[in-house]
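Per my numbering, the sequence shown runs over residues 301 to 499.
In this text, a Cβ means the ideal position worked out from N, Cα and C, and glycines have one as well.
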Amino acid sequence: MSFLQLYLPLYFIAYLTLAFIWPSYRTYRQTGINPVTFGKTDNAHDYIGRVMKLLIVLLMVSIIIFSFIPSRYTYLGPITVLEQAACFYTGLILMHLSLIWIAVAQYQMNKSWRIGIDEVHKTELITRGLFRYSRNPIFLGMIVSVSGVFLVLPNTLTFCILFSTYFIIHIQIRLEEAFLVQQHPEAYKQYKTHTRRIL
Numbered sequence: 301m302s303f304l305q306l307y308l309p310l311y312f313i314a315y316l317t318l319a320f321i322w323p324s325y326r327t328y329r330q331t332g333i334n335p336v337t338f339g340k341t342d343n344a345h346d347y348i349g350r351v352m353k354l355l356i357v358l359l360m361v362s363i364i365i366f367s368f369i370p371s372r373y374t375y376l377g378p379i380t381v382l383e384q385a386a387c388f389y390t391g392l393i394l395m396h397l398s399l400i401w402i403a404v405a406q407y408q409m410n411k412s413w414r415i416g417i418d419e420v421h422k423t424e425l426i427t428r429g430l431f432r433y434s435r436n437p438i439f440l441g442m443i444v445s446v447s448g449v450f451l452v453l454p455n456t457l458t459f460c461i462l463f464s465t466y467f468i469i470h471i472q473i474r475l476e477e478a479f480l481v482q483q484h485p486e487a488y489k490q491y492k493t494h495t496r497r498i499l
């Protein structure tokens, strides 16, 4: 087993822990509120939640096949033109910087952090820290991290995951924007005028 075959599963576990499990636990401990708001209805919000879960599972499958069933990796359609050192090291850098970026942004959200749209509990509009430069720094970090994984592990499946992640996140952003305009009418409209949606 190569270093990368060992490291990618460990990175994936660390990513899930730092980006989802730990902040969910921290928010619940601070507020008593479950920050995961995606439900089981057929509306657009909950459908996006299911798609996001599927993309995470597919990314995990890609890593598992690469690391533990390498004889089946060719079935994922390797993009050999990208299998070069420049892409690999760029991907590694993006993976790690984006994870740090996500962790910082989540810390800055503090008790307002949610996975999805919380229509029950009103949260503070966060405009400080990384949110001064992007209205959606966590989503930006997610796109960059998946881009990094694609460059490190370039194949048809990871490309489709990246493509789908980009568009599903942009749909979710627009749903959240519509909600925030209702929850913080004047404050969010003013925030939009001087801070970009992504970067």
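Say whether the stretch 405-412 touches the stretch 442-457, bearing in mind that this needs 3 or more beta-carbon pairs closer than 8 Å, one atom from each stretch.
-> A contact is defined here as three or more CB-CB pairs under 8 Å, and the stretch 405-412 fails this definition with respect to the stretch 442-457.
Identify, in the order they occur along the chain, each residue of the same chain with its Cβ nearer than 7 Å to the Cβ of ILE356, setting aside the five sequence neighbours on each side.
-> Start at 1 with the first residue of the sequence shown, and residue 356 comes out as number 56. Result list for ILE356: empty, nothing under 7 Å.
Is there a Cβ from chain B that is less than 8 Å from the Cβ of TYR466?
-> The structure shown contains no chain B; it is built from a single protein chain.
Which residue from ARG414, GLY416, TRP401, HIS484 puts its Cα closest to that of ILE529?
-> This structure cannot settle anything about residue 529, because the visible part of the chain is limited to 301 through 499.
For the alpha helix (DSSP H) holding HIS345, just list the boundary residues, first then last.
-> Taking the sequence shown and counting its residues from 1, the one referred to as residue 345 is at position 45. Element bounds for HIS345: 344-368.
Contiguous alpha helix (DSSP H) assignments of at least 4 residues, all confined to the stretch 372-418 | Counting only runs of 4 or more, we get 385-409.
Determine which residues share a DSSP beta bridge with VAL336 and list them.
-> The residue you call residue 336 lines up with position 36 of the sequence shown. ILE415, per the DSSP bridge assignment.
Could you tell me whether the stretch 374-386 touches the stretch 303-321, using the rule of 3 or more Cβ pairs below 8 Å?
-> no
Residues in its own chain within less than 6 Å of PHE338 by CB, not counting five upstream and five downstream?
-> Locating residue 338 in the sequence shown gives position 38, where the first residue counts as 1. Short of 6 Å from the beta carbon of PHE338, and not among the five residues preceding or following it, lie these beta carbons of its own chain, in chain order: ASP346, GLY349, GLY416.
Could you check if THR317 is buried or exposed, using at least 16 other CB atoms within 10 Å of its CB as the buried criterion?
-> Stepping through the sequence shown from its first residue, residue 317 is reached at position 17. Burial call: exposed.
Which ranges does the alpha helix (DSSP H) cover as unbroken runs of at least 4 residues, wholly within the stretch 414-477, from first to last along the chain?
-> You should have 437-452.
For ILE333, the nearest candidate out of ASN436, ILE469, VAL420 (CA to CA) | In the sequence shown, counting from the first residue as 1, residue 333 sits at position 33. If we check each option's Cα against that of ILE333, VAL420 comes out closest.
Given LEU453 as reference, the closest of SER324, THR327, LEU394 once Cα atoms are compared = Position 153 of the sequence shown, counted from the start, is the residue given in the question as residue 453. Comparing Cα positions, the closest option is LEU394.
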